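In this note's numbering, each residue's number is its place in the sequence shown (first place is 1) plus 9. We put the CB at the ideal spot given by N, CA and C, even for glycine. Just so it is clear, the structure is predicted and the values come from calculations on it, not from any experiment.
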Amino acid sequence: MSTNQKVFEIFSTLPPNLEPATDELVKFISPHVKSKGDVKLFDWVSFKDAIDNYPGVDIVLEGYKSPDPSKHPFNELPSVCTGQLVESLNMPLPKEDLAAFLKQAFNDLSSAKEGGWASFKEISPGDPGKRPPIPAVTGWEFRKLLLAESRSRSSDFPALVVTTEFASELSKVEDWYQLDQASAKEVTLSITMMKLGVSPSFQAP
10 MSTNQKVFEI FSTLPPNLEP ATDELVKFIS PHVKSKGDVK LFDWVSFKDA
60 IDNYPGVDIV LEGYKSPDPS KHPFNELPSV CTGQLVESLN MPLPKEDLAA
110 FLKQAFNDLS SAKEGGWASF KEISPGDPGK RPPIPAVTGW EFRKLLLAES
160 RSRSSDFPAL VVTTEFASEL SKVEDWYQLD QASAKEVTLS ITMMKLGVSP
210 SFQAP
């Protein structure tokens, strides 16, 4: 991975004075994106262990959700994801802005892959020799870090660590690059999210 790549794409409404804590949080999370074969994927188990083993209370687990996979047209994914990310764990983010952020990411898969925060993977090779043929299934993992100011009087801020996975009967990465905001191709969506409470004084170990 190039030094210009980042393994999480960040959406933030935090003020500038919390940038140091944000940088520390990225430093804490990023090592848990690990190589599995020739693909980099987020290791939720090792990250949860890191949260549990963190000394002190400058970062705490506030919630976790992994809804059942669901099928949607590709062009509806930004709005569907926005609803789940904001509502599932009560994340105080502007829906319209978040939907626009996700739309830009999902409609430019090539840039997301090159940027380092999205990984293309083969899920099933299929079997074209079968009758009827079994199509290949491929997919993506998107990694997002969503940051917002707290609605309470607490100085801690909420952070949502997210992996968004797509899967569909497309045989190669170039097939995915053809999808855009007009595409109604059916895609299976899986989202995993963990909400954290982070202190402004948080430092990565």
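Best match in the options for proximity to residue i [C-alpha to C-alpha]
| i | options | result |
| --- | --- | --- |
| Ala219 | Gly92, Pro76, Met100 | Summary: the structure shown does not reach residue 219, with the chain confined to residues 10 through 214, and so no result is reported for it. |
| Gly46 | Pro25, Arg152, Glu131 | Glu131 |
| Thr31 | Ser161, Arg160, Asp67, Ser55 | Asp67 |
| Lys153 | Pro29, Lys139, Ser163, Ala121 | Ala121 |
| Gln187 | Pro25, Ser119, Cys90, Val89 | Ser119 |
Between the CA atoms of residue j and residue i - distance to the nearest angstrom
| i | j | result |
| --- | --- | --- |
| Ser133 | Leu169 | 30 angstroms |
| Ile19 | Phe166 | 15 angstroms |
| Pro87 | Gln113 | 9 angstroms |
| Thr172 | Pro141 | 33 angstroms |
| Asn84 | Ser192 | 6 angstroms |
| Glu123 | Pro209 | 31 angstroms |
| Trp185 | Phe175 | 10 angstroms |
| Phe211 | Asp136 | 50 angstroms |
| Leu198 | Lys57 | 22 angstroms |
| Glu150 | Ser128 | 5 angstroms |
| Ser39 | Pro144 | 34 angstroms |
| Ser161 | Ser44 | 38 angstroms |
| Trp53 | Ala59 | 10 angstroms |
| Gly138 | Cys90 | 36 angstroms |
Spatial neighbours of residue i in its chain, beta-carbon cut-off 7 angstroms, leaving aside the 5 residues before and after
| i | result |
| --- | --- |
| Phe110 | Phe20 |
| Asn116 | Asp189, Gln190 |
| Leu27 | Phe166, Pro209 |
| Leu179 | Thr147, Trp185 |
Cβ shell of residue i (< 8 angstroms), same chain only, five flanking positions each side left out
| i | result |
| --- | --- |
| Met100 | Leu94, Leu155, Ala157, Pro167, Leu169, Lys204 |
| Leu23 | Thr31, Leu156, Ala157, Glu158, Phe166 |
| Ser164 | Ser208, Pro209 |
| Pro82 | Ser192, Ala193, Lys194, Glu195, Val196 |
Residues that DSSP places opposite residue i in a beta bridge
| i | result |
| --- | --- |
| His41 | According to DSSP, which records beta bridges pairwise, His41 is partnered with nothing at all. |
| Ala157 | Its beta-bridge partners do not exist; DSSP assigns none. |
| Lys204 | Gly72, Leu169 |
| Lys139 | Beta-bridge pairing links Lys139 to no other residue. |
| Lys122 | None, per the DSSP bridge assignment. |
| Pro82 | Glu195 |
| Glu174 | Glu150, Ser199 |
| Leu34 | Looking at the DSSP assignment, Leu34 forms no beta bridge with any residue, so it has no partner. |
Check whether residue i and residue j have beta carbons under 9 angstroms apart
| i | j | result |
| --- | --- | --- |
| Leu98 | Gly72 | yes |
| Asp77 | Leu70 | no |
| Val146 | Ser177 | yes |
| Lys104 | Glu195 | no |
Residues near residue i in its chain [Cβ-Cβ closer than 6 angstroms; skip 5 each side]
| i | result |
| --- | --- |
| Thr201 | Ser75, Thr172 |
| Val42 | Val16, Lys49, Phe51 |
| Lys181 | none |
| Ala213 | Glu33, Lys36, Phe37 |
| Ser55 | His41 |
| Asp106 | none |
9 angstroms Cβ cutoff, residue i in contact with chain C
| i | result |
| --- | --- |
| Ala193 | Protein chain content of the structure displayed is limited to a single chain, and chain C is not contained in it. |
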